[in-house]
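Visitor: Sending over a structure as structure tokens; questions will come in a sec.
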Amino acid sequence: MICPFCANETTRVLDKREGNNGKTTRRRRECQKCSRRFTTFERVETLDLLVVKKDGRREAFDRVKLRSGIIKSCEKRPVSAEEIEKIVDEIEAKLRKINTNEVSTKKIGELVTQRLKKLDEVAYIRFASVYRQFADIGDFEKELAKLSKSLPADRQNLKQNK
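Have a look at this one:
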């Protein structure tokens, strides 16, 4: 492993830990020349997953783009970075289990909305409004009505009493 600070090719591993449920290996390294420390991650390389856009274009699946969309939806909400990372991991794992290397944006969007609906209702509405391209307030009202109907009875009573 090349040192990112001095480009020396001789480093030693100080610590090795399994991460992300055994899907990654984290290694803490030290450069033999400059003695600076850095971390590397090892992950199994998988086949490229292509995302089929609405207009038929195809682009490589981008985990960062998926995370970014979820983060925007969860902005200023009580959702931790760990919860967001867990959603991204679960969705990527589901997509990679499909017996094809192409997946539609619709499938990805549905997986995200399902997870956000369970996690945080406001984040769910935010994501759904962009993903489903709400045109006006009526679209929001329809989605909120559906969401209210799906709430457990005790939560509906709580909301009505406020």
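Quick note on the numbering used here: the sequence shown kicks off at 139 and runs consecutively.
By construction, the Cβ of each residue, glycine as well, lies at the ideal position given by its N, Cα and C atoms.
On a predicted model such as this, the values are computed, not experimentally measured, just so you know.
#1: Relative to the alpha-carbon of Ser211, which residue among Ser286, Lys284, Val260 has its alpha-carbon at the smallest distance?
#2: Do Ile208 and Val226 have their C-beta atoms closer together than 8 Å?
#3: If distances are taken between C-alpha atoms only, which option among Leu249, Arg181, Arg215 comes closest to Thr162?
#4: Could you tell me which residues DSSP puts in a beta bridge with Glu228?
#5: Check each candidate in Ala266, Val241, Ala198 and name the one with the smallest Cα separation from Gln252.
#6: Assuming Arg150 contacts Leu187 (C-beta within less than 8 Å), just tell me the rounded distance between them.
#7: What is the DSSP secondary structure of Cys172, counted as helix, strand or coil?
#8: Quick check for students: name the residue ranges of the beta strand (DSSP E) that lie wholly in the region 212 to 284, counting only runs of 3 or more.
#9: On a CA-only basis, which of Thr238, Leu249, Asp258, Lys232 is nearest Pro216? Give me that one, please.
#10: Near Gly157, which residues of its chain fall below 8 Å by C-beta distance, leaving aside the five closest residues on each side in sequence?
#11: What are the residues that DSSP puts in a beta bridge with Ala198?
#12: Am I right that Ile246 and Ile229 are in contact with their C-beta atoms under 8 Å? What's the rounded C-beta distance?
#13: Could you tell me if Leu282 is buried or exposed, where buried requires 16 or more neighbouring beta carbons within 10 angstroms of its beta carbon?
#14: Relative to the C-alpha of Phe176, which candidate in Cys141, Arg205, Arg155, Phe199 has its C-alpha closest?
Guide: Well, looking at it:
#1: Val260
#2: yes
#3: Arg181
#4: Answer is none; Glu228 lacks a bridge partner.
#5: Ala266
#6: That belief does not hold up - the Cβ atoms of Arg150 and Leu187 are roughly 35 Å apart, past 8 Å.
#7: coil
#8: 240 to 242
#9: Asp258
#10: Thr163, Arg164, Phe179
#11: Leu188
#12: 7 Å
#13: exposed
#14: Cys141
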